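Residue numbers (full-length UniProt numbering): 1 to 428.
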């Protein structure tokens, strides 16, 4: 076998607009991705070439075909099936929105707003022009987690041990900042509420606390049995029952508080396909699966390190977990308890504390770390992240606390530099 030896290659793709005939063609073993790019663009007869990435058996090709075959101990006398996809372009910087303190949590709505939580105890609603159009005052400590419920309603949690649900006027023509009205306050945790998750279909909210507990709450207006009953204020109860005061904050009890982790519960999510199932991670190194009907822990996996973040990759039936080992652990909750991690993504140099998966690409996710970087990953790439995003503030060693990959805005991140930063990948 030499550099002139050829192999039959069948080029395949899932993207119909760039599909070529599947008849195998002979190409030299010496061809690497750059050479394969020329071949596919020639087959497509394109005047303006597209940059492609190539995969064999689900993994990106970074070497020549010959080197790949030698590494895998494969014969060049068979047909090699090579998948091609549009190569992911580098992210570009769009904007930064300044806050008065650390930005702890970010969540973009399905429409046109970004919600941010800050260590100054405020939550802010931003429009696409970087203008604060609503602010939520009410927490007595730093905000730790924010989540949209619907366009005019969102939830926040805080170091003050409470969760609050807010309403605001979501009008497109607002040219001034409005205040948000707190409609529910939820009490039950005894330490900081580190993370919350929302399931709008069931009107349920999950919470993870630094006390190790997992909270299950209702955000349904009709659940009067969950309203805290203050026997010393019968007048307030009458007002609640008769709905005489629209501005009264309703104190809600939890549906259940479960002892979840032996140390801090760091993050929590609903299962994307079954809202009766939840997952949590903690600094006790555990990934826990919860039955939200029976309020019971049905599975526990143990990792080697403290865990700070968990996010689903639903199309792949995987959970991505951020750890103190500086790695991202990909976990399959369906497999035997003996197997905790099916893949490890390495590249950060400090704790990985926030994750978000890509809505437009099942294989991609982003991570935020205390090393000050946001990394973009494709789990089919075995050799590290695709790109790293630095803080535009220029501050060295500034921690990233939160990331969100929005289909409308792009890659949003917030951190120690007081900035909400937006970057975008143009071909996603």
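For every residue, glycine included, the Cβ atom is placed at its ideal position computed from N, Cα and C.
Just so we're clear, the structure is a prediction, and the values are computed from it rather than from any experiment.
Sheet register partners of residue 52 (DSSP bridge): 86
Contact set for residue 347: own chain, Cβ-Cβ below 7 Å, skip 5 residues either direction: 375, 384, 385
Range of the contiguous beta strand (DSSP E) that encloses residue 280: 277-282
Residues bridged to residue 150 [DSSP beta-bridge criterion]: 153
Status (buried if at least 16 other CB within 10 Å, exposed otherwise) for residue 79: exposed
Cβ contact (3+ pairs, closer than 8 Å) linking the region 358-376 and the region 31-47: no
As assigned by DSSP and simplified to three states, the class of residue 403: strand
Paired residues, beta bridge with residue 135 - DSSP: 124, 179
Sufficient close CB pairs (3 or more, under 8 Å) joining the region 94-109 to the region 408-416: yes
CA nearest to the CA of residue 44, picked from 12, 60, 56: 12
Separation of residue 301 from residue 334, as counted between CA atoms: 11 Å
Candidates 167, 169, 144: closest to residue 208 by CA position: 144
Cβ-based burial, residue 9 [other Cβ within 10 Å; buried from 16]: buried
Given 8 Å, three or more beta-carbon pairs between the region 308-325 and the region 272-280: yes
Through-space distance from residue 56 to residue 332, alpha-carbon basis: 23 Å
Contacting residues, own chain, Cβ-Cβ under 8 Å from residue 382 (five flanking each side not counted): 59, 60
Rounded straight-line distance, which links the Cα of residue 25 to that of residue 18: 17 Å
CB of residue 85 within 9 Å of CB of residue 32, strictly: no
Residues bridged to residue 377 (per DSSP): 365
Coil, strand or helix - residue 77 by DSSP: coil
Boundaries of the beta strand (DSSP E) in which residue 188 is found, first to last residue: Unbroken run through residue 188: none, as it is neither H nor E.
Rounded Cβ spacing between residue 154 and residue 206 (contact assumed at less than 8 Å): Not confirmed; about 15 Å, so no contact.
Length of the line joining the Cα atoms of residue 91 and residue 411: 9 Å
Per DSSP, cross-strand counterpart(s) of residue 265: 282
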